[in-house]
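Reading through the structure tokens given below for one structure.
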Amino acid sequence: MGMNDRDLAASLAKLARGPRAVSVQPAPRTGGSKIHVGFLSRYFRNHTIGRLMAGVIGALARQRFLVTVLSVGQADDEGGRRIRQAADRYVVLPAQLGPALQIVAGQGLDILYYADLGMDPFTYTLAFTRCAPVQCVTWGHPLTTGIPTMDYFVSSEDLETAGAQAHYTEKLARLKTLNVYYDRVAAPAPLKDRGFFGLPDRAHVYACPQTLFKFHPDFDDVLGQILRRDPQGILVLIEGKYPRWRELLLDRLRRTCGDVIDRIRFVHRQSRDNYLKLLTVSDVLLDPLHFGGGNSSYEALGLGVPIVALPSEFLRGRITYAQYRKMGVMDCVVHNTEEYVQRAVELGVDRDRRQAVGRKIREANAALFEDPMAVRELEAFFESVAPRQS
684 MGMNDRDLAA
694 SLAKLARGPR
704 AVSVQPAPRT
714 GGSKIHVGFL
724 SRYFRNHTIG
734 RLMAGVIGAL
744 ARQRFLVTVL
754 SVGQADDEGG
764 RRIRQAADRY
774 VVLPAQLGPA
784 LQIVAGQGLD
794 ILYYADLGMD
804 PFTYTLAFTR
814 CAPVQCVTWG
824 HPLTTGIPTM
834 DYFVSSEDLE
844 TAGAQAHYTE
854 KLARLKTLNV
864 YYDRVAAPAP
874 LKDRGFFGLP
884 DRAHVYACPQ
894 TLFKFHPDFD
904 DVLGQILRRD
914 PQGILVLIEG
924 KYPRWRELLL
934 DRLRRTCGDV
944 IDRIRFVHRQ
954 SRDNYLKLLT
964 VSDVLLDPLH
974 FGGGNSSYEA
984 LGLGVPIVAL
994 PSEFLRGRIT
1004 YAQYRKMGVM
1014 DCVVHNTEEY
1024 VQRAVELGVD
1034 RDRRQAVGRK
1044 IREANAALFE
1054 DPMAVRELEA
1064 FFESVAPRQS
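Put into structure tokens, the structure is as follows:
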């Protein structure tokens, strides 16, 4: 996870594609004077992808854009209904590859915009076929696809380093701001106390509420050092989607952090409301090395909870950093693992410092939410790459 995955992604795509990809004939464009953009994902629902994409889908200027949502399956939860209502056209794709490709190609799109590629085998397979003149992907899954029919990877300047084009098989599009129109995060009510989560009141709670596959072995020493330097500290993690994930990580932590393993706690997977409440009873959040938070960082910073972050060379480890840059608050951004441990412990043990940083975040975090510039930047990108209208 701390390496350039471009060649690996390209090799995987070559293997997955096989000797030839399915071919379809894209229909003539149907947007008239408007640029017709199709947004495609399996996760247009109460999911990270749904939350990252709903605002943009609803806010694109309809006098210039026709918006079609292509959903693999239909979700009837709140997030799914919101996206369906925001679209000009809402199309449910079947689970069969051939019919799904015919439907996508039949929309007459100018641009096909994948919200994520790499988390779902079906959408990954769809992407090998050209269904629109221009095909793009963004960082719902923050890795290059390696797929030759993917023309652009849409990112932003703060998410990328100077030589980042070398990380992508797609042409890298760096927007000036984060290309997300994210809803303001509301504080959950009523708030819970720590006892609700089985956590002691007087401990310093360092939480890393990330999916467990993000825990690179390089992170183990950082976690162990934090607990060694703060005898009152506990580390709180969330159980994985599968019980085996927790067992594997615990086995590793027993080997690398055995002297403090009794202060590493797992809590059950939570509803979103209780997850937000867990953030509010934590003192400090820890962004994993190499593959950090994205949606979860929007949520935490929206609540004013400090996150210690060490940006990496690659997008997948720079999203929290980019959010701090957008706010202009850099108190929790560090440059190496020693600084990471030191900053985390400072915030954990010094209540006044922690509260001051939290206030600073709350005073600045409006910059992260419902940002019209994010939409204008994406519109300008679409206009720059859309086929010329005859």
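Note that this note's numbering has the sequence shown beginning at 684, numbered continuously upward. Glycine is no exception: its CB is placed at the ideal position from the N, C-alpha and C atoms.
The C-beta of Leu-842 has 16 or more other C-beta atoms within 10 Å across all chains shown, which makes the residue buried. By the CB criterion at 7 Å, Tyr-865 and Phe-1052 fall inside the cutoff.
A contact is defined here as three or more CB-CB pairs under 8 Å, and the segment 960-976 meets this definition with respect to the segment 994-1001. When only Cα atoms are considered, Ser-694 and Gln-1038 end up about 48 Å apart. Just so you know, the alpha carbons of Ser-965 and Asp-760 end up roughly 29 Å apart. Taking the Cα positions, Phe-949 is about 47 Å away from Val-1068. Pairing Val-919 with Glu-1060, the inter-Cα distance amounts to about 38 Å. Counting along the chain, Arg-948 sits inside the beta strand (DSSP E) bounded by residues 947-950.
Taking C-beta atoms under 8 Å as the contact rule, Ile-1002 and Ser-980 qualify, at a distance of about 6 Å. A residue is called buried when at least 16 other Cβ atoms come within 10 angstroms of its Cβ; Asp-799 meets this threshold and is buried. Your pair Leu-874 and Thr-812 does not check out as a contact, with CB atoms roughly 49 Å apart and the cut at 8 Å. Rounded to whole angstroms, Gly-987 and Ala-1005 show a C-alpha spacing of 16 Å. By the neighbour-count criterion, in which 16 or more other beta carbons inside 10 Å mark a residue as buried, His-887 falls on the buried side. Between the segment 848-861 and the segment 813-831 there are three or more C-beta pairs closer than 8 Å, enough to call the two in contact. In the same chain as Asp-956, and ignoring 5 residues on each side of it, the C-beta atoms closer than 7 Å to its own belong to Pro-871, in chain order. Residue Val-1058 holds the alpha-carbon nearest to the alpha-carbon of Ala-742 among Val-1058, Gly-985, Ala-692, Asp-834.
The DSSP-derived three-state label of Ile-830 is coil. It is roughly 19 Å from the alpha-carbon of Ala-770 to the alpha-carbon of Cys-814.
Out of Leu-749, Arg-745, Leu-735, the CA that lies nearest to the CA of Arg-765 is found in Leu-735. Of all C-beta pairs linking the segment 707-722 to the segment 875-885, fewer than three are shorter than 8 Å, placing the two stretches out of contact.
For Ala-869, the number of other beta carbons within 10 angstroms of its own is below 16, and it is reported as exposed. Under the DSSP assignment, Ser-839 falls in the beta strand (DSSP E) whose first and last residues are 835-839. DSSP places Lys-854 inside the beta strand (DSSP E), whose first and last residues are 854-858. Taking C-beta separations shorter than 7 Å and ignoring five residues to either side along the sequence, the partners of Thr-844 in its chain run Glu-996, following chain order. Annotated three-state conformation of Ala-869 is coil, per DSSP. The DSSP-derived three-state label of Val-1012 is coil. DSSP places Ala-696 inside the alpha helix (DSSP H), whose first and last residues are 689-700.
For Gln-818, the secondary structure class from DSSP, reduced to helix, strand or coil, is strand.
Counted as a single uninterrupted DSSP element, the stretch harbouring Gly-977 is not any beta strand (DSSP E), since DSSP gives it neither H nor E. It is roughly 7 Å from the alpha-carbon of Gly-738 to the alpha-carbon of Val-863. Nearest in C-alpha terms to Asp-970, of all of Ala-1049, Pro-989, Arg-952, is Pro-989. A straight-line Cα-Cα distance of about 33 Å links Arg-946 and Arg-1008.
Each residue's CA atom was taken as its position, placing Gln-915 and Ala-1027 some 13 Å apart. Between the C-alpha atoms of Ala-992 and Leu-780 there is a straight-line separation of about 40 Å. Going by DSSP, Leu-809 is part of the alpha helix (DSSP H) stretching over 804-809. For Lys-854, the closest alpha carbon among the candidates Met-833, Arg-867, Leu-861, Ser-839 is that of Met-833.
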